[in-house]
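Participant: The following block contains the structure, expressed as structure tokens.
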Amino acid sequence: MRNKIIIGNWKMNKTPKEALELISTLKPLVENSEAEVVFCVPFVDIPCAVEALKGSSISVGAQNMHFEDSGAFTGEVSPGMLYELGVEYVIIGHSERRQYFAETDETVNKKVLKAFEYELIPIICCGETLEQREEGITMDWIKNQIVKAFENVPKENAMTAIVAYEPIWAIGTGKVATSEQAEEVCGHIRNVLREIYDDETAEEIRIQYGGSVNGANAKELLSMEDIDGGLVGGAALKADFANIVNYNK
Ligand code: PEP
């Protein structure tokens with residue numbers, strides 16, 4: 265039985281001081297919930313978030329990392345730096361990184377492989393544009409993204425990965441996918457993982473939906489068979505995040 269996991273993607277929001285304020289609001293509302301909870305905070309907020317969440321059930325994640333161990337990559341952050349700070353999860357290939365920072369399926373794969381070397385759990389993002397959905401190529405597009413992201417990833421690592429299906433047209437737009445649309449693609453992702461690996465692995469990997477999830481729509485989305493959680497942007501910065509985490513109460 266896959267346990268649900270709700271991940272807040274804070275994006276480029278909250279200074280360290282503001283992060284501590286948000287954590288003190290959210291922590292009592294979401295800790296010890298049935299679902300696992302992760303806050304993916306900006307790099308500079310990681311030390312104070314790790315400290316503030318020490319001993320709680322909430323984990324800290326990063327929103328990106330480089331695929332090399334170290335070197336002349338000005339402005340980048342390495343997986344070892346994240347690991348040493350106590351980071352457990354890292355978002356890889358978010359559509360905003362693909363769109364604004366030229367990330368490709370190839371760099372996503374390199375980052376996924378490197379994350380596992382540092383015991384970081386990758387949250388691998390995939391998703392189609394509105395044009396692609398209208399053209400009817402969503403399933404092929406997603407399959408390609410998943411196949412490339414998992415290239416050379418051994419089964420025992422793949423089993424711990426998280427996949428986030430985030431239709432680009434639903435991110436930050438308030439336009440949420442219907443639970444049927446989200447389930448159709450999440451089920452497809454599981455089938456692709458079954459083809460790459462096997463039943464056991466595909467049944468183990470947690471697949472999230474992301475895109476305008478909020479306290480009002482979470483219950484319906486999270487009750488779908490292949491949706492094992494949510495990657496949450498805008499609503500992760502508000503007390504409404506607790507309604508998502510506690511969707512079945
Ligand atoms: C996201 O950025 O991963 C996201 C899903 O954002 P939002 O919830 O705001 O649509």
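Just so we're aligned: 289 in this note's numbering is position 25 of the sequence shown, and the numbers increase by one with no gaps anywhere. Glycine is no exception: its CB is placed at the ideal position from the N, C-alpha and C atoms.
Is the beta carbon of asparagine 373 closer than 8 Å to that of lysine 412?
Facilitator: Locating residue 412 in the sequence shown gives position 148, counting from the first residue. Locating residue 373 in the sequence shown gives position 109, counting from the first residue. It is a contact, given that the beta carbons lie within the stated cut-off.
Participant: Give me the Cβ distance between alanine 532 and tyrosine 511, rounded to the nearest whole Å; I'm assuming they're in contact under 8 Å.
Facilitator: With the chain represented from 265 up to 513, any question about residue 532 goes unanswered, as that position is not in the structure.
Participant: In angstroms with no decimal places, state the Cα-to-Cα distance between methionine 403 and leucine 457.
Facilitator: Counting from one through the sequence shown, the residue named residue 403 turns up at place 139. Counting from one through the sequence shown, the residue named residue 457 turns up at place 193. So the alpha carbons of these two residues sit roughly 13 Å apart.
Participant: I'd like to check one pair, aspartate 492 with lysine 268: are the Cβ atoms closer than 8 Å?
Facilitator: Sequence index remark: in the sequence shown, residue 268 carries index 4 (1-based). Sequence index remark: in the sequence shown, residue 492 carries index 228 (1-based). In contact: lysine 268 and aspartate 492 (Cβ atoms closer than 8 Å).
Participant: Answer yes or no: the CB of serine 476 versus the heavy atoms of the ligand PEP, is any distance below 7 Å?
Facilitator: Against the sequence shown, residue 476 aligns to sequence position 212. Answer for serine 476: yes, Cβ within range of the ligand PEP.
Participant: Tell me whether phenylalanine 337 is buried or exposed, calling it buried when 16 or more other Cβ atoms sit within 10 Å of its Cβ.
Facilitator: The sequence position of residue 337 within the sequence shown is 73, counting from 1. That one is exposed.
Participant: Output needed for glutamate 340: all residues of its chain with C-beta closer than 7 Å, excluding positions within five of it in sequence on either side, in chain order.
Facilitator: As a position in the sequence shown, residue 340 is number 76, starting the count at 1. His330.
Participant: For alanine 506, which three-state DSSP category applies?
Facilitator: In the sequence shown, counting from the first residue as 1, residue 506 sits at position 242. Three-state result, alanine 506: helix.
Participant: Would you mind giving the Cβ-Cβ distance between glycine 479 and isoleucine 435, rounded to the nearest angstrom? I have them listed as a contact below 8 Å.
Facilitator: Sequence index remark: in the sequence shown, residue 479 carries index 215 (1-based). Sequence index remark: in the sequence shown, residue 435 carries index 171 (1-based). Going by Cβ atoms, the distance from glycine 479 to isoleucine 435 rounds to 18 Å, so no, they are not a contact pair.
Participant: Looking at leucine 384 and tyrosine 364, is the spacing between their C-beta atoms short of 8 Å?
Facilitator: Position 100 of the sequence shown, counted from the start, is the residue given in the question as residue 364. Position 120 of the sequence shown, counted from the start, is the residue given in the question as residue 384. Result no, Cβ atoms of tyrosine 364 and leucine 384 do not sit closer than 8 Å.
Participant: Quick check: the Cα distance between glutamate 381 and lysine 275, rounded to an integer number of angstroms?
Facilitator: Against the sequence shown, residue 381 aligns to sequence position 117. Against the sequence shown, residue 275 aligns to sequence position 11. Roughly 25 Å separates the two Cα atoms.
Participant: Would you tell me roughly how many angstroms separate the C-alpha atoms of proline 386 and glutamate 464, rounded to the nearest one?
Facilitator: Taking the first residue of the sequence shown as 1, we reach residue 386 at position 122. Taking the first residue of the sequence shown as 1, we reach residue 464 at position 200. If you take the alpha carbons of proline 386 and glutamate 464, they lie about 19 Å apart.
Participant: Going by alpha carbons, who is nearest to valine 302 out of Val496, Lys513 and Lys278?
Facilitator: Residue 302 sits at position 38 when you count from the first residue of the sequence shown. Comparing Cα positions, the closest option is Val496.
Participant: Going by DSSP, name the residue or residues bridged to glutamate 300.
Facilitator: If you number the sequence shown from 1, residue 300 lands on position 36. Bridge partners of glutamate 300: Ile269.
Participant: Give the C-beta separation of glycine 475 and alanine 441 to the nearest angstrom, bearing in mind that I take them to be a contact with Cβ-Cβ under 8 Å.
Facilitator: Translated into positions along the sequence shown, residue 475 becomes position 211. Translated into positions along the sequence shown, residue 441 becomes position 177. Confirmed, Cβ separation roughly 6 Å.
Participant: Looking at alanine 428 and isoleucine 388, is the spacing between their C-beta atoms short of 8 Å?
Facilitator: Within the sequence shown, residue 388 is the residue found at index 124, counting from 1. Within the sequence shown, residue 428 is the residue found at index 164, counting from 1. It is a contact, given that the beta carbons lie within the stated cut-off.
Participant: Could you tell me whether the Cβ atoms of leucine 284 and alanine 503 are closer together than 8 Å?
Facilitator: Along the sequence shown, read from residue 1 onward, the residue named residue 284 stands at position 20. Along the sequence shown, read from residue 1 onward, the residue named residue 503 stands at position 239. No, they are not a contact pair.
Participant: Taking 7 Å as the cut-off, is the beta-carbon of histidine 358 closer than that to any non-hydrogen atom of the ligand PEP?
Facilitator: For the purposes of this step, residue 358 is identified with residue 94 of the sequence shown, where counting begins at 1. Flag set: Cβ of histidine 358 near the ligand PEP.
Participant: Could you give the residue range of the beta strand (DSSP E) that holds valine 354?
Facilitator: Residue mapping note: residue 354 aligns to position 90 of the sequence shown, counting from 1. Its beta strand (DSSP E) spans residues 353-356.
Participant: Asparagine 273 and isoleucine 355 look like a contact to me (Cβ under 8 Å); what is the Cβ gap, rounded to whole Å?
Facilitator: Within the sequence shown, numbered from 1, the residue matching residue 273 stands at position 9. Within the sequence shown, numbered from 1, the residue matching residue 355 stands at position 91. Their Cβ separation, rounded to whole angstroms, is 6 Å, which keeps asparagine 273 and isoleucine 355 in contact under 8 Å.
Participant: Is leucine 495 near the ligand PEP - that is, is its Cβ less than 7 Å away from at least one heavy atom of it?
Facilitator: To locate residue 495, count along the sequence shown from 1; it is residue 231. Result yes, Cβ under 7 Å from the ligand PEP.
Participant: By the 10 Å Cβ neighbour count, where 16 or more other Cβ atoms means buried, how is glycine 357 classified, buried or exposed?
Facilitator: Taking the first residue of the sequence shown as position 1, residue 357 is located at position 93. By the 10 Å Cβ count, glycine 357 comes out buried.
Participant: Which residues does DSSP list as the beta-bridge partners of cysteine 409?
Facilitator: Mapped onto the sequence shown, residue 409 falls at position 145. The sequence shown places glutamine at residue 409, rather than the cysteine named in the question. Answer is none; glutamine 409 lacks a bridge partner.
Participant: According to DSSP, simplified to helix, strand and coil, what is alanine 326?
Facilitator: As a first step, residue 326 must be located in the sequence shown, where it is residue number 62. The answer is strand: DSSP assigns alanine 326 an E or B state.
Participant: Using a Cβ cut-off of 8 Å (strictly closer), state whether valine 456 contacts chain D.
Facilitator: In summary, chain D is missing from the structure at hand, where a single protein chain is found.
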